[in-house]
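Have a look at the structure below, then the notes.
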Amino acid sequence: MDGMVVGGWEYVWAAYGLSWMALVGYTASLWLRGKDT
Amino acid sequence: MNQLRWMLYKDLLIEWRGRARVAALSTFAVTLLLLFSFAVGPDTDALRTHAPAYLWLSVLTASTLLLTHGFKLEVESGAMEGLLLLPVSPRAIFYGKAIANMVLLLAVGVVALLVTLVLFDVTPRENPIWLLLILVLGTAGVSAPGTLYAGLTARLHAAQMVLPVLLFPLVVPCMVAAVRATSLVLGGDAMGQLDSWLWVLGCFDAIYWSLCGVLFGKVIG
Amino acid sequence: MPAAAIEARDVGRRYGRRWALARLDLIVPEGSFFLLVGANGSGKTTFLRLAASAEQRNRGELAVFGQDPARRAENLRAHVALLSHKAGLYEDLSARENLELLAGLASMEPRIAEWLAAVQLEDRPDPVRCFSAGMRKRLAFARLIAQRPRLALIDEPYGQLDPVGFDLVDGLMHTLRDQGATVVIASHLVERASRQADTALVLHQGTPRWQGPARKVPAAWAAVHRVPA
Amino acid sequence: MRKDWALVATGFVLLAIGHGLGLFFVPPEAMMGETGRIFYVHVPTAWNCLVMFLIAFVCAVMVLWSGHPKWDARTTGYVEVGTLYNVMLLFQGSIWARPTWGVYWTWDPRLTTAAVMAVTFAGVMVLRKLIEDPERRATAHAVATVVAFVNVPVVYMSVKWWRTLHQDMSSPSTVDSVMHWPLRTAAIGMLLLGVGFAMVRAELERRRIAIEDEAPELPPVPNPLEV
Chain A
0 MDGMVVGGWE YVWAAYGLSW MALVGYTASL WLRGKDT
Chain B
0 MNQLRWMLYK DLLIEWRGRA RVAALSTFAV TLLLLFSFAV GPDTDALRTH
50 APAYLWLSVL TASTLLLTHG FKLEVESGAM EGLLLLPVSP RAIFYGKAIA
100 NMVLLLAVGV VALLVTLVLF DVTPRENPIW LLLILVLGTA GVSAPGTLYA
150 GLTARLHAAQ MVLPVLLFPL VVPCMVAAVR ATSLVLGGDA MGQLDSWLWV
200 LGCFDAIYWS LCGVLFGKVI G
Chain C
0 MPAAAIEARD VGRRYGRRWA LARLDLIVPE GSFFLLVGAN GSGKTTFLRL
50 AASAEQRNRG ELAVFGQDPA RRAENLRAHV ALLSHKAGLY EDLSARENLE
100 LLAGLASMEP RIAEWLAAVQ LEDRPDPVRC FSAGMRKRLA FARLIAQRPR
150 LALIDEPYGQ LDPVGFDLVD GLMHTLRDQG ATVVIASHLV ERASRQADTA
200 LVLHQGTPRW QGPARKVPAA WAAVHRVPA
Chain D
0 MRKDWALVAT GFVLLAIGHG LGLFFVPPEA MMGETGRIFY VHVPTAWNCL
50 VMFLIAFVCA VMVLWSGHPK WDARTTGYVE VGTLYNVMLL FQGSIWARPT
100 WGVYWTWDPR LTTAAVMAVT FAGVMVLRKL IEDPERRATA HAVATVVAFV
150 NVPVVYMSVK WWRTLHQDMS SPSTVDSVMH WPLRTAAIGM LLLGVGFAMV
200 RAELERRRIA IEDEAPELPP VPNPLEV
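Heads up: the sequence lines are chains A, B, C and D, in that order. Just so we're aligned: 30 in numbering that gives the first Met the number 0 is position 31 of the first sequence, and the numbers increase by one with no gaps anywhere. Just so we're aligned: 56 in numbering that gives the first Met the number 0 is position 57 of the second sequence, and the numbers increase by one with no gaps anywhere. Just so we're aligned: 25 in numbering that gives the first Met the number 0 is position 26 of the third sequence, and the numbers increase by one with no gaps anywhere. Just so we're aligned: 27 in numbering that gives the first Met the number 0 is position 28 of the fourth sequence, and the numbers increase by one with no gaps anywhere.
So, in structure tokens, the structure goes:
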């Protein structure tokens with residue numbers, strides 16, 4: 000396969016990992032903020 | 000229209016009385032130009048290439064001081080409320096202030112431009128009259144949203160901090176176009192791109208001069 | 000059209016968690032000279048600002064010449080003038096220029112000399128920045144007179160003035176009234192103000208305590224402060 | 000509130016399915032290889048970021064139009080979630096840029112616009128924090144949101160003209176049909192998630208304002224006064 004980028008799973012995991020961390024983190028922050036009130 | 004004329008007359012008259020302020024502002028812009036050159040170092044070629052960027056950055060930085068000051072005068076004396084109760088239409092207040100800000104910024108810009116030409120040893124390759132048009136369009140692009148946001152933040156203690164945070168990202172397109180156009184005039188416009196950048200500036204001005212005029216009434220109501 | 004310049008029913012205004020004015024029911028007849036008295040923070044200024052459409056009430060009904068000031072209608076604002084604590088003058092302009100600006104903005108015939116003469120400020124060409132507090136007050140009165148309002152709302156007409164100024168201002172307010180305007184003033188100078196007005200309202204800590212003929216205000220004032228609510 | 004949390008949950012499930020498909024079932028992309036899988040998280044984020052800001056814009060217009068506090072709370076919610084997606088977008092974009100162009104940052108119009116957009120909306124959120132009077136805060140926040148949103152296409156166009164570095168990125172109409180399902184599932188998941196988040200946030204804001212701006216009891220009716 001000519002010109003195809005080989006490997007690169009670490010970038011994939013980084014992108015998904017950060018995104019899920021952000022989403023779960025925001026959920027948690029909403030949950031905590033909701034508990035206070 | 001009549002009200003707009005009076006508002007503009009008033010703002011310009013006040014600034015004329017306090018012309019030391021505009022002088023101070025121009026000095027500030029020139030100081031920034033000097034600082035940029037010190038920061039970059041004595042590489043004349045680099046300085047010459049980036050001269051348009053320094054010019055516009057110093058004008059933009061100086062604009063925040065100008066903008067916050069204009070509304071501070073109005074709000075602290077209660078004059079703004081007096082105008083609204085008179086009643087003066089918010090649009091007349093907005094356009095009067097925005098035009099006045101633009102004129103003052105233009106004055107600062109002209110001084111900064113002349114200093115830029117001398118300091119960085121640049122000779123415009125195209126007709127220098129274009130520079131004036133770019134200055135007019137560029138300062139107009141800063142002053143319309145700038146006046147709106149200055150009105151929005153006038154009552155805040157942190158006005159001078161918040162204004163740049165709101166204004167600078169907004170005027171990115173205006174800065175991009177103004178810097179590009181300026182460097183085309185200074186460095187030569189072989190590809191004939193100047194027109195399109197002027198067009199971008201014009202569109203930016205048209206969008207924000209109309210939008211901000213509508214929104215301003217809501218802001219100060 | 001009811002013959003009321005101001006009609007308030009259960010009007011309330013709060014700042015944050017505190018009622019600055021509450022439970023106010025009031026009718027100010029057109030053409031009357033109305034006095035509001037009360038200690039600091041009793042709600043006088045708040046009421047004037049509500050009537051002038053400079054602020055919005057939080058509850059109740061309020062009508063000025065039959066219109067709701069909350070709508071900030073231009074035709075109403077053009078008939079109502081507010082003289083507030085902040086003079087609203089441009090410091091860098093002279094008295095004459097401030098009045099010229101007013102006339103220009105309101106599309107009035109600029110009879111500057113006449114207005115300045117009315118407040119005895121003819122011979123001051125310097126910017127307002129150099130004026131004393133009392134002179135600013137006079138200039139603010141000149142602005143008020145120039146507007147020829149149907150309803151004049153005056154917050155502390157005597158504030159910062161000298162005894163000569165007191166008489167001057169009394170004269171100006173009666174002139175306004177003779178021209179058919181409704182005059183509403185808020186003042187601490189109970190004795191003096193009650194000799195000028197017809198009817199009065201005593202406010203105490205944001206609520207109305209007494210309403211009646213102005214000549215009885217000193218007695219009512221004393222009673223309010225002797226008998227706590 | 001419960002319905003909103005249900006939306007969040009559904010969104011998470013759909014997003015997980017979409018991402019699972021994209022990560023494990025779809026073959027590597029023809030040009031990008033395995034790194035092409037970043038698409039399934041990046042493209043839905045980009046779309047939904049714009050969608051969130053669009054809804055925020057509509058809510059802000061409603062604040063200015065009707066002045067009802069519920070629109071103010073909603074604007075707050077959508078601005079916050081939009082900014083969250085925006086920041087995610089920036090991280091994903093620079094991770095994507097590294098294997099593709101060899102750098103973490105390029106002055107690509109989309110990336111640059113996203114950065115400017117993030118700073119603009121961060122400014123809007125800061126402004127909201129600084130104003131105390133609820134009514135004034137609602138209008139100022141709404142005006143800033145409207146202007147910030149109008150600015151997005153303007154920035155995009157000008158940056159595009161300023162520097163056109165590379166070809167158009169793919170969108171579902173130009174990509175393999177095998178990519179459609181993970182992409183769409185993830186996009187719908189993120190949409191539901193975003194709307195759910197924003198509604199929860201709006202409800203929290205509404206409660207906060209209600210507490211902060213609760214009308215105190217009226218002062219007692221004073222005794223009549225004889226003079």
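We put the beta carbon where it would ideally sit given N, CA and C, even for glycine.
query: Proximity to leucine 214 of chain B [Cα-Cα], best of B:Gly150, B:Ala180, B:Leu193, B:Trp196; result: B:Gly150
query: Local conformation of alanine 141 of chain C per DSSP, three classes; result: helix
query: Boundaries of the alpha helix (DSSP H) in which alanine 219 of chain C is found, first to last residue; result: 216–225
query: DSSP beta-bridge partners of proline 207 of chain C; result: C:Leu202
query: Rounded C-alpha distance that separates aspartate 10 of chain B from proline 181 of chain D; result: 59 Å
query: Inter-stretch contact (C-beta, 8 Å, three-pair minimum) for the segment 166–186 of chain B and the segment 108–126 of chain D; result: yes
query: Three-state class that DSSP yields for glutamine 2 of chain B in the structure shown; result: helix
query: Cβ of lysine 215 of chain C within 9 Å of any chain D Cβ; result: yes
query: Buried versus exposed, by CB contacts within 10 Å (16 or more), valine 178 of chain B; result: buried
query: Chain B residues whose Cβ lies nearer than 7 Å to that of aspartate 91 of chain C; result: Ile13, Arg16, Gly17
query: Glutamate 14 of chain B versus B:Ala52, B:Leu46, B:Leu104, B:Leu3, residue with shortest Cα-Cα distance; result: B:Leu104
query: C-alpha distance - serine 88 of chain B paired with tyrosine 207 of chain B, whole-angstrom precision; result: 19 Å
query: 9 Å Cβ cutoff, valine 80 of chain D in contact with chain A; result: yes
query: 7 Å Cβ cut-off: residues of chain D touching alanine 112 of chain C; result: Correct list: empty, because the minimum Cβ distance to chain D is about 41 Å.
query: With 16 other Cβ atoms within 10 Å as the buried cut-off, status of glycine 227 of chain D; result: With chain D covering only 0 through 226, there is no way to say anything about residue 227 of chain D.
query: Chain B contact for valine 118 of chain C (CB, 9 Å cutoff); result: no
query: Cβ distance (whole Å) where leucine 81 of chain C is taken to contact alanine 94 of chain C below 8 Å; result: Leucine 81 of chain C to alanine 94 of chain C, Cβ: 19 Å. No contact.
query: Proximal chain D residues relative to isoleucine 206 of chain B, where beta-carbon distance stays under 8 Å; result: Val149, Val153
query: Option nearest leucine 167 of chain C by Cα separation, candidates C:Ala53, C:Asp197, C:Leu120; result: C:Leu120
query: Segment limits, beta strand (DSSP E) that includes proline 28 of chain C; result: 17–28
query: Alpha-carbon to alpha-carbon, arginine 127 of chain D and arginine 17 of chain C; result: 23 Å
query: Listed by chain order, chain A residues near valine 40 of chain D by CB distance under 7 Å; result: Ala14, Tyr15, Ser18
query: DSSP-derived helix/strand/coil call for glycine 7 of chain A; result: coil
query: Coarse secondary structure for leucine 81 of chain C, derived from DSSP in three states; result: strand
query: Close Cβ partners of alanine 19 of chain C (< 7 Å) along its chain, the five nearest in sequence each way excluded; result: Arg12, Arg13, Gly42, Thr45, Gly205
query: Counterpart residues of leucine 34 of chain C in DSSP-defined beta bridges; result: C:Ile184, C:Ala199
query: Residue of D:Ala59, D:Arg136, D:Ala113 minimising C-alpha distance to tyrosine 155 of chain D; result: D:Ala113
query: Those residues which DSSP pairs with alanine 189 of chain B across a bridge; result: DSSP, once it has assigned bridges, lists no residue as partnering alanine 189 of chain B.
query: Same chain, Cβ closer than 6 Å to proline 171 of chain D, five either side skipped, listed in chain order; result: Because the pLDDT of proline 171 of chain D is 43, which lies under 50, any placement of that residue in the model is unreliable, and the number read from its coordinates should be weighed accordingly. Answer for proline 171 of chain D: His179, Leu182, listed in chain order.
query: Residue interval of the alpha helix (DSSP H) (run including arginine 8 of chain C); result: Counting along the chain, arginine 8 of chain C falls outside any alpha helix (DSSP H), though it belongs to the beta strand (DSSP E) covering 3–14.
query: Other residues of its chain near glycine 14 of chain D: CB distance less than 7 Å, five sequence neighbours each side excluded; result: It is worth fixing the name first, because residue 14 of chain D is leucine in this sequence and not glycine. Result list for leucine 14 of chain D: Ala185, Gly188, Met189, Leu192, in chain order.
query: Partners in chain C for leucine 84 of chain B, counting only beta-carbon separations shorter than 8 Å; result: Ala51, Ser52, Ala53, Arg76, Val79, Ala80, Leu81
query: Residues that proline 226 of chain D contacts on chain C, provided the C-beta gap is smaller than 8 Å; result: The residue you asked about is not proline; residue 226 of chain D is valine in the sequence shown. Per Cβ cutoff of 8 Å: Trp209, Gly211, Lys215, Ala218, Ala219, Ala222.
query: Where the segment 84–106 of chain D meets chain A: residues whose CB sits under 8 Å from a CB there; result: Val86, Met87, Phe90, Gln91, Ile94, Trp95, Arg97, Pro98, Thr99
query: Below-9 Å beta-carbon distance, arginine 200 of chain D vs any chain A residue; result: yes
query: Leucine 126 of chain D: contacting residues in chain A (beta-carbon distance under 9 Å); result: None at all; the shortest Cβ gap to chain A is about 20 Å.
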